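Q: Residue 697 in our numbering sits at position 697 of the sequence shown, with consecutive numbering throughout. Backbone N, C-alpha and C fix where the C-beta goes; we use that ideal spot for every residue, glycine too. Because the structure is a prediction, the values reported are computed rather than measured.
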Amino acid sequence: MNKGRLSKTLKIVGKTFLWIAGIWLALLIVLEIALSGPVLTRIVNRYTAEYIDGDLQFGKVSASMFRRFPAVVLTLDDCSLTYPSERFDSIGRVGPQGHLMYAGCAETADTLASFRKFSVGLSLPALVTGRIKVPYMRLDKPRIFAHSYADGSANWDIFITGGEETEEADTTESSGGIPKIVIGKVMMTGRPHIVYTDSRDTIFAAVGLRRMELNGHINSRRISRSRIGLTLDSMFVAGRISRDTLALGLDRLYMHEDGKKVKIDLDSKAFVATRNYGRIRVPMNLSGILSFPKDSVPAARLDSLKMDIAHIPLTGQADLRFMQGRTAVKADAGIDKCSIGRLLHDYVSHIIPEAGKVSTDAVIDMKVHADGFYNHTTGQLPQMLAELTIPDSHVSYEDLPGGDLTIGVSAKAEVDRRGDLGISISRMAAGLSGLELAATAGASGLLGKDPEIRIDGNVRAVLDSLRSFIPDSLGIEAEGKISATVKGSAKMSQLNIYNFSTSSLTGEILGNGINVNMPKDTISANLDGIRITVGPDKRISRRDSTRVINLMGITGEIARADISYKEALSLKAAGFAVSAKNIVDSDGQVDTTKKIHPFRGTVKAGSLSLRDSDGTSLRLSESSNSFNIFPKKGQPSTPVLTLTSRNKRISFRYDVNRGSMSDANLRVSASMNTFETRRRMSAFVDSLARIYPYIPKDSLVRHHMAMTRKRMPSYAIPEDDFKGENIDISLDRSLARYFREWDLKGNLKVDGGRIMTPYFPLRNTLEGFELSFNNDRIGIDTLGIKSGGSDISASGELTGLKKALLGRRGALKLDLDIVSEKMNANELLAAYTKGASFTGSGQNPEEDMDDDKFMEEIAIDSTSVPTESALIVIPGNLNADVRLAAENIDYSNMHIDLMTANLKVKDRCVRITETQALTNMGAMDLEGFYATRSRKDIKTGFSLNFNDITAEKVISLMPAVDTLMPLLKSFGGMLNCELAATAQIDTNMNILMPSINGIMRIGGEDLYIKNNEMFRKMAKLLVFKNKKEGHIDKMTVEGVIKDSKVEVFPFIVEIDRYMLGLSGVQNMDMSFRYHASLIKSPFLIKVGMDVYGPDFDNMKFKIGKPKYKSKDVPVFSTIIDNTKINLVESIRNVFDKGVDVIIRENSAHKAIEEHKRRIGYVQAVDQQMEELSAAEQRQLEEEQQAEDTTERSTGQLPD
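#1: In terms of residue numbering, what span does the beta strand (DSSP E) encompassing Val358 cover?
#2: Relative to the alpha-carbon of Ser730, which residue among Gly800, Ser545, Leu766, Phe773 has its alpha-carbon at the smallest distance?
#3: Could you please give me the residues that DSSP links to Ser396 through a beta bridge?
#4: Within 10 angstroms of the Cβ of Val1141, are there 16 or more other Cβ atoms? Answer buried if so, exposed if not.
#5: Could you compute how far the alpha carbon of Ser426 sits from the alpha carbon of Val409?
#6: What do you get for Gln1185, buried or exposed, if any count of 16 or more other CB atoms within 10 angstroms of its CB means buried?
#7: What beta strand (DSSP E) runs, 3 residues minimum, are completely inside the stretch 1013-1051?
#8: Secondary structure at Leu446, three-state DSSP: helix, strand or coil?
#9: Lys133: buried (16+ other C-beta within 10 angstroms of its C-beta) or exposed?
#10: Taking 6 Å as the limit between beta carbons, can you name the residues of its chain near Leu1080, skipping five residues before and five after?
#11: Does Pro536 come out as helix, strand or coil in the three-state DSSP assignment?
#12: Would you mind working out which of Lys412, Arg417, Ala430 sits nearest Ile423, comparing C-alpha positions?
#13: Excluding sequence positions up to five away, which residues of its chain have a Cβ less than 6 Å from the Cβ of Glu1047?
#14: Do Ile455 and the ligand SAH come close, with the Cβ less than 7 Å from some heavy atom?
#15: For Arg417, tell me which candidate among Glu452, Gly379, Gly434, Phe373 has the shortest Cα-Cα distance.
#16: Please work out which residues of its chain come closer than 8 Å, Cβ to Cβ, to Asp464, disregarding the five sequence neighbours upstream and downstream, and give them in chain order.
#17: In chain order, which beta strand (DSSP E) runs of at least 3 residues are fully inside the stretch 784-810?
#18: Quick check on Leu1180: buried or exposed, where buried means 16 or more other Cβ atoms within 10 Å of its Cβ?
#19: My output table needs one value for Gln1163: the three-state DSSP class, helix, strand or coil.
#20: How long is the line joining the alpha carbons of Val1165 and Pro875, rounded to whole angstroms?
#21: Check whether the stretch 887-894 touches the stretch 952-965, counting contact only when three or more Cβ pairs, one atom from each stretch, lie closer than 8 Å.
#22: Just grab the DSSP bridge partners of Tyr1008 for me.
#23: Can you tell which of Leu1172, Ser504, Ser734, Ile482 has the C-alpha that lies nearest to the C-alpha of Met492?
#24: Which stretch, first to last residue, makes up the alpha helix (DSSP H) that contains Glu479?
#25: Taking all protein chains shown into account, decide if Ile1159 is buried (16 or more other Cβ within 10 angstroms of its Cβ) or exposed.
#26: Roughly how far, in whole angstroms, is the beta-carbon of Phe1101 from the beta-carbon of Val1091, given that I think they are within contact range, below 8 Å?
#27: Which residues in the same chain as Val459 place their Cβ atom closer than 6 Å to its Cβ, once the five residues preceding and following it in sequence are excluded?
#28: For the alpha helix (DSSP H) holding Asn1146, just list the boundary residues, first then last.
#29: Using only CA atoms, which one of Ala559, Ala811, Phe627 lies nearest to Ala605?
#30: Give the range of the alpha helix (DSSP H) segment to which Ile1079 is assigned.
#31: To the nearest angstrom, how far is the alpha carbon of Leu610 from that of Ile563?
#32: Quick check: the Cα distance between Ala836 and Ile872, rounded to an integer number of angstroms?
#33: Report the option in Ala886, Asp612, Leu122, Ser669 whose CA atom is closest to the CA atom of Pro70.
#34: So the beta strand (DSSP E) Ile194 belongs to, where does it begin and stop?
#35: Can you look up Gly1118 in the DSSP assignment and give me helix, strand or coil?
#36: Excluding five sequence neighbours on each side, which residues of the same chain lie with their C-beta closer than 7 Å to the C-beta of Gly448?
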């Protein structure tokens, strides 16, 4: 019964199953027939329009219900997905990406993807339940062109998606877009080609495959929960990342998911084409198992990792658990025997070519263990321990013969529970023939704000042994010993000169017998007794003797040094020492909060000398120097520097010049002025803005300078022959910058010294020198100089330095008082003249000659009187006020007991006023000027007075007087001479006689005339009693100098028994015309006499009636006085009036010419002389014969 019932039940079930299968089969057949090409085309087009904002084109569409039952297989032949080409044109495709950005582009439409055959299987049971499940997809010969643009858009945006991924999306349909799709297996065949570009991240790649197969479970709504298995066959990737190009050949990539595990096996070769280092091959092998174990939180596990990238073998395993805000990490990794030599040859040599010449058997062993948590917010690392070992190895370099370098390192790094990273090097050693290095080191808190380092190491070198590593071609010779040690610890914040004192880090360098010679570069160095130390310097507090203060200390000592570079520079030193340390505050603390930290140092040298190839040298003896750096009061960010230098002796040589100073002491301070400069400039610009409210602020200074620019000074004419004679002390650009930004202040004191130069070849001795200075002024407190036989002392100041040193237009201003107790002007002028003619060629003394011998070679005869003078050029950029008071002056043949004068220099002109002198030739006073504006424009003006001086001495002092008044040398007795004139001077300092214009007055009492041919002839003709010498009780001769002649105005002279009225013209070519009228004589007949001739050796006489009838001759004394006074007044105002105006006014002689016109004056020599009648002539002859007879009878005349 039961069996029958069971059999019946089975039959019913079987029939039901058969009916269902039949129905399914019938349905499938119906669908197979119903889903014809046109039907499928309409279905595909409908869904394409709903989910794709583009154009899907295909050649043939078909469906199969039986190929992969229960899935229906939909196949599209010659399928392509395009979009209008202008859709992304506005994005722009130009730039560095090149042709890949245009892949898939055409004139009217751009292609996102194309396939020779596109097949997709759709699960019918899933479709019945409303889901889309794709268990199978095959893409034959796919061509995919994916482009992402700079604004974030991409060409795959033509797919209409359903919004962001959410957990609810798995169960809830989205309101629009692509529905939920689950994909199983995907196959790409027919050598797939994929192009991907990203303009924003500068990534451009082209991927070529032989075949790709993807197996897994891909959920379009929950991509992060998808499972994937991937198999690639012969993938090749070419592209560019940023500026470099990458080519990747993927020979094999296998990814397979087995349950919760994904097996990965990869073998590839990559080629990186870099702009700077060329093409680099990077092989890579990787295998491992990645799994995602089930846990309370997302987790991942990596097992059996083996990776070899660029010959770096890496093994490891890791467990990761992803929690809220942190990730738990437990991992082990290691590198086993990685060859350093292979890395150097295959990779480092591309970057550093010399690395290819290094050979080594060194290998790296490293182990890393991590166990802890990584904090996503703070970045704190998990607890970690890494150990690195490089066993003792050998390293050689093919260009360095002589032996191998041995190295060995043992180190470890650890991240503790607090996340602090520390490194410990327990052993670091290196050895070479003649070189040993040994050290231990460590660091802690490397991920913190202030890491600390520890080190204890030393290095020793024997240069004699190291020579074997130097190629013979270099020709380098070396010997000596060097050692260095460093020990202690320091934080990073302490590694500066201000906080170093708070650390415990010390170092020392020692060296002895060091000799290095490099003939190829002509470098040699000999050093001995080297000791350099760096470290904290302990000091006892002045307030608390139990308290020790730590300061940063740097000391250095060199017992002897001799260094030379080619022939360009040599340095020699002995007993050289330097030290530097912090400066503590009054409470004994080092203030580390200041922007400018106080610092102090000293530099000492028993001897120090420098010398260059030109023979320029500087030598210091017993030099002691100290310097300080501290903040400016009230401006903590502004540094102030002070320097104090004390030197027993300073010697220098420059070209053919030498000098020395003894006991030279210098003190200088410098403070940065940028703050004050900005403040002053801001105030200045504000004031200019009120003056020029219509000018833009950035143009105010330039406009003001244009408005206030001074007229070009007279010396600055374009034809300035003497521009090179201006004082040029301008600094170069780099020095000028520092000079502009720093305010200097200091003083210099020198007890004595010498200056030796052929440009002023006298024995010049400094006898005390003290000055103060700042950026714009030098104050000369005392200056004593003994130059040859002259003793000179001076005091004053020089201002205007700042513009001169910065190369700006402006004049130096000198205010000076000069006092001399003895001055040999002849010697000084002779030295100046000889120095001006010194060219330096063939006259350089021996460089090894001592100073005394050198002085003998160049010194001139101190007793010589110069026969010629060199042109004295007044600098155009010097304004000076000089006051002179001198005694015992020797000038020419004159000795001056006392002389005072005031000199003013401006615009290439020197003015001399209030000059008074008492000489052995008489008293003298002088007012004058001397201007040197060009070689063709050298002019002078003067008013010179001599009292009680002989004619011989006047002519010896002023030889030009002999040309003006040849008769003057015939006068004996004491004369008073006045000469006021202007003239032009040649470049040999000679007055050009034709250019003289002025007045003269010569007079005296108790005078006599002798040794004069004119007098003798007149005495004979007029029957003087004493025909050899004539005595004159009183005489005053006045005249005007003009047009190359001297016009002598009428004057009266009593001589012998006669009163004469005289006048005439003396030409500068020695020709002359004089007239003498007998106003009073023993003769009854009054006669006149014209005397004329080309010179006094060829004179002629003509006797006639006198032109002057009485002693009331025309008088010019007042006019002469006024003319002289006017010239003196002009000389005193030369800088206001101008040289040319003075010369022009003085040359016109307006007052004199006006006086002549007013009195109707006609020069006697220009008047026709009346001849004597025959009776007057006979009477004159009779009187002459009677006088002769009387003189003979009395014995006054020889028979």
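A: Taking the definition as stated:
#1: Where Val358 is concerned, the enclosing beta strand (DSSP E) stretches over 358-360.
#2: The shortest C-alpha separation from Ser730 is found at Gly800.
#3: Answer is Ser359.
#4: The Cβ neighbour count for Val1141, taken over all protein chains shown within 10 Å, is under 16; the residue is labelled exposed.
#5: Cα-Cα distance, rounded: 8 Å.
#6: So Gln1185 counts as exposed.
#7: DSSP runs (the beta strand (DSSP E)) wholly in the stretch 1013-1051: 1029-1042.
#8: Coil, per DSSP.
#9: By the neighbour-count rule (16 or more Cβ atoms within 10 Å), Lys133 is buried.
#10: Looking at the sequence itself, residue 1080 is Lys, so the reference to Leu does not match. Once the five neighbours on either side are set aside, the close Cβ partners of Lys1080 are Met1059.
#11: In this structure, Pro536 counts as strand in the three-state DSSP scheme.
#12: Distances from the alpha-carbon of Ile423 to those of Lys412, Arg417, Ala430 put Lys412 closest.
#13: Counting only Cβ-Cβ distances below 6 Å, and skipping sequence neighbours, we find Gly1039, Val1040, Val1065.
#14: The ligand SAH is not part of the structure shown, which contains no ligands of any sort.
#15: In terms of CA proximity to Arg417, Phe373 leads the group Glu452, Gly379, Gly434, Phe373.
#16: Once the five neighbours on either side are set aside, the close Cβ partners of Asp464 are Gly434, Ala478, Glu479, Gly480.
#17: You should have 790-799.
#18: Sixteen is the threshold: when 16 or more other Cβ atoms of the shown chains lie within 10 Å of the Cβ of Leu1180, as they do, the residue is buried.
#19: Gln1163 falls in the coil class under three-state DSSP.
#20: Answer to the nearest angstrom: the Cα atoms are 47 Å apart.
#21: The answer is yes - the stretch 952-965 touches the stretch 887-894, with three or more Cβ pairs under 8 Å.
#22: Looking at the DSSP assignment, Tyr1008 forms a beta bridge with Gly972, His1031.
#23: Of Leu1172, Ser504, Ser734, Ile482, the residue nearest in Cα terms is Ser504.
#24: Under the DSSP assignment, Glu479 falls outside any alpha helix (DSSP H), being part of the beta strand (DSSP E) whose first and last residues are 477-491.
#25: Label assigned to Ile1159: exposed.
#26: The distance from the Cβ of Phe1101 to that of Val1091 is about 6 Å, consistent with a contact at the 8 Å cut-off.
#27: If you ignore the 5 residues before and after Val459, its C-beta comes within less than 6 Å of the C-beta of Leu437, Ala484, all in its own chain and listed in chain order.
#28: That run of the alpha helix (DSSP H) goes 1139-1148.
#29: Taking each of Ala559, Ala811, Phe627 in turn and checking the Cα distance to Ala605, the smallest one comes out for Ala559.
#30: Per DSSP, Ile1079 is not a residue of any alpha helix (DSSP H); the beta strand (DSSP E) it occupies stretches across 1072-1080.
#31: Going by C-alpha positions, Leu610 is about 10 Å away from Ile563.
#32: The C-alpha of Ile872 is placed about 9 Å away from the C-alpha of Ala836.
#33: Out of Ala886, Asp612, Leu122, Ser669, Leu122 has the C-alpha closest to the C-alpha of Pro70.
#34: Looking at the DSSP string, the run of the beta strand (DSSP E) that includes Ile194 is 193-198.
#35: According to the sequence displayed, residue 1118 carries Thr and not Gly. Thr1118 falls in the helix class under three-state DSSP.
#36: The residues are Asp420.
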